[in-house]
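Input: a single structure, listed below in structure tokens.
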Amino acid sequence: MFPEQPHQCVVCKGTGFLRVNLSNRNGATEHFSSALRCPCRLGAGGQQCEKTARMAEVINTAFRATLQPSTVRDYERVIETCMQARELFPLDSPEKIMCIFSLFLPCHTTRFPRVRAALKLWHEMHNFAEPPFEHALVKRFLRGLQVHPEVSATRHETDVFPWKAVPPLLKLWLLPRPGQQSPSLTCLRNGAIFLLQFFAVKRIREILDLTAADLILTADSIVLYIRKSKTDRTGKGFHMRIPPTNSLFPQLSTALRAYLEVAPQEPTQHLFQSTDPTGTRWTGRRLCPSSFNCALKRTAEAVAVTGKIASHSLRKGGASWYLLKGNPPELVKRVGNWKGPSWEIYAKFSLEDMAAMLQENDDDE
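Now the structure itself:
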């Protein structure tokens with residue numbers, strides 16, 4: 253029997269509401285067996301599985317070359333969290349799966365696909381049968397989590413990068429600092445990433461996946477070949493063109509050309525690589541999105557841009573700027589390669605932005 257004293261185990265907390273009042277879409281209630289047991293109730297008698305203990309090491313060594321660093325970290329976090337419930341492995345019943353997912357009760361449901369993928373990977377590497385993810389109880393359980401009040405209902409929204417802050421921020425990256433003859437490779441690289449993300453309205457991974465052969469500058473356009481895209485279901489990639497200059501940053505083409513002169517030259521190499529600690533040599537490794545995010549946030553603060561600023565803020569800022577300039581929404585949607593109505597949440601601007609843009613247009617005339 254379970255002990256009666258109250259405790260704070262998140263698994264017991266999660267499975268408790270499941271047992272009693274998890275409702276499906278038809279309003280019916282599913283009652284779970286009292287045999288649904290959480291690791292904290294099983295005592296310390298179970299021995300730690302050596303293969304499970306080495307999972308983080310295996311992921312680091314076997315998958316580091318094929319997975320993005322942020323994805324690897326996500327897998328590691330899942331495995332580390334599941335180590336709290338190692339007595340439940342392998343997951344051979346719906347109840348065990350629901351116990352494991354209850355460990356992630358405070359997480360947003362968008363993380364659940366990563367949890368599922370990591371669990372599937374764990375079972376494959378240990379030659380266990382795939383967990384019964386498609387079982388009706390598991391599906392109903394996940395639907396219940398989506399409406400449960402303790403599960404975050406919102407994404408970690410980033411703020412829109414204000415278009416008026418684009419020129420002053422780029423000056424910090426693209427102009428030499430005192431005592432320097434030219435900007436460092438790190439600054440030139442960050443400036444080029446900023447320009448492409450903002451004015452091409454692209455996701456950070458779409459930009460960082462570019463190779464040296466994927467960015468072409470001509471007299472009348474800037475051509476990008478996007479190899480991988482979240483919405484490209486054919487997997488063939490696509491080309492896009494953006495004007496070489498604009499009213500917000502007329503030196504767009506010039507700045508990109510300056511970067512290409514110092515960028516990696518091999519056609520198959522990543523165009524945007526990490527640098528050594530001095531910022532003077534390329535390492536040959538693709539730049540990690542989190543590294544650019546950190547640099548962007550620090551530089552944004554230097555030009556008095558605060559709030560939740562990350563690389564996605566540039567995609568939002570670019571979409572908002574194009575709309576404020578009077579471009580048709582369908583054109584902006586096509587430039588950003590959005591396939592559904594979700595693009596509307598990226599195009600945000602205030603009445604102050606509109607007034608400033610109208611004033612700028614009046615000044616141009």
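With this note's numbering as the guide, the letters of the sequence shown map in order to residues 253 to 617. Think of the CB as a built atom: it goes at the ideal place given N, C-alpha and C, for glycine as much as any other residue.
So residue i and residue j are in contact, right, with Cβ under 8 Å, and what is the actual spacing, rounded?
i: residue 508; j: residue 492; result: About 14 Å; that fails the 8 Å criterion.
i: residue 453; j: residue 559; result: No, residue 453 and residue 559 are not in contact; Cβ-Cβ is about 20 Å, not under 8 Å.
i: residue 525; j: residue 463; result: So it is not a contact: roughly 11 Å between Cβ atoms.
i: residue 510; j: residue 467; result: Rounded, the Cβ-Cβ distance is 13 Å, inconsistent with contact.
For residue i and residue j, what's the separation of their Cα atoms in angstroms?
i: residue 578; j: residue 458; result: 26 Å
i: residue 325; j: residue 540; result: 12 Å
i: residue 333; j: residue 351; result: 12 Å
i: residue 490; j: residue 426; result: 29 Å
i: residue 554; j: residue 421; result: 8 Å
i: residue 431; j: residue 412; result: 33 Å
i: residue 465; j: residue 519; result: 5 Å
i: residue 471; j: residue 495; result: 10 Å
i: residue 364; j: residue 384; result: 15 Å
i: residue 584; j: residue 461; result: 22 Å
i: residue 479; j: residue 586; result: 17 Å
i: residue 556; j: residue 410; result: 16 Å
i: residue 396; j: residue 353; result: 12 Å
i: residue 538; j: residue 527; result: 10 Å
i: residue 379; j: residue 337; result: 19 Å
i: residue 405; j: residue 368; result: For residue 405, the pLDDT reaches just 44, beneath the cut-off of 50, and the residue's location in the model is therefore unreliable, although a value from the coordinates is still provided. Whole-angstrom Cα-Cα distance: 20 Å.
i: residue 500; j: residue 446; result: 13 Å
i: residue 371; j: residue 328; result: 11 Å
i: residue 428; j: residue 542; result: 24 Å
i: residue 486; j: residue 330; result: 30 Å
i: residue 575; j: residue 503; result: 21 Å
i: residue 488; j: residue 335; result: 39 Å
i: residue 386; j: residue 366; result: 16 Å
i: residue 323; j: residue 515; result: 26 Å
Would you mind working out which of the options sits nearest residue i, comparing C-alpha positions?
i: residue 382; options: 345, 412 and 523; result: 345
i: residue 573; options: 350, 386, 416 and 349; result: 416
i: residue 414; options: 541, 487 and 451; result: 451
i: residue 562; options: 468, 421, 353 and 456; result: 456
i: residue 513; options: 328, 469 and 482; result: 469
i: residue 517; options: 536, 347, 386 and 365; result: 536
i: residue 506; options: 443, 478, 543 and 527; result: 443
i: residue 388; options: 590, 473, 568 and 349; result: 349
i: residue 567; options: 428, 543, 467 and 418; result: 418
i: residue 481; options: 371, 590 and 331; result: 590
i: residue 588; options: 368, 484 and 424; result: 484
i: residue 498; options: 473, 379, 366 and 370; result: 473
i: residue 551; options: 486, 423 and 575; result: 423
Using the Cβ count rule (16 or more neighbours within 10 Å means buried), how would you classify residue i?
i: residue 230; result: Residue 230 cannot be examined here, being either before or after the span of the chain that is shown, 253 to 617.
i: residue 448; result: buried
i: residue 523; result: buried
i: residue 581; result: exposed
i: residue 355; result: buried
i: residue 347; result: buried
i: residue 285; result: Low confidence applies here, because residue 285 scores a pLDDT of 39, under 50, leaving its location unreliable; read the following figure in that light. Residue 285 should be labelled exposed.
(request) Could you tell me whether the region 385-396 touches the region 537-549, where touching means 3 or more Cβ pairs closer than 8 Å? (result) No: fewer than three Cβ pairs fall under 8 Å.
(message) Below 8 Å, how does it come out for the region 371-387 and the region 332-342: are there three or more Cβ pairs, yes or no?
(response) Touching, yes, given that three or more Cβ pairs across the two stretches are closer than 8 Å.
(request) Report yes or no: do the region 531-538 and the region 434-442 share at least 3 C-beta pairs separated by less than 8 Å? (result) Taking 8 Å as the limit for Cβ pairs, the verdict is that the region 434-442 does touch the region 531-538.
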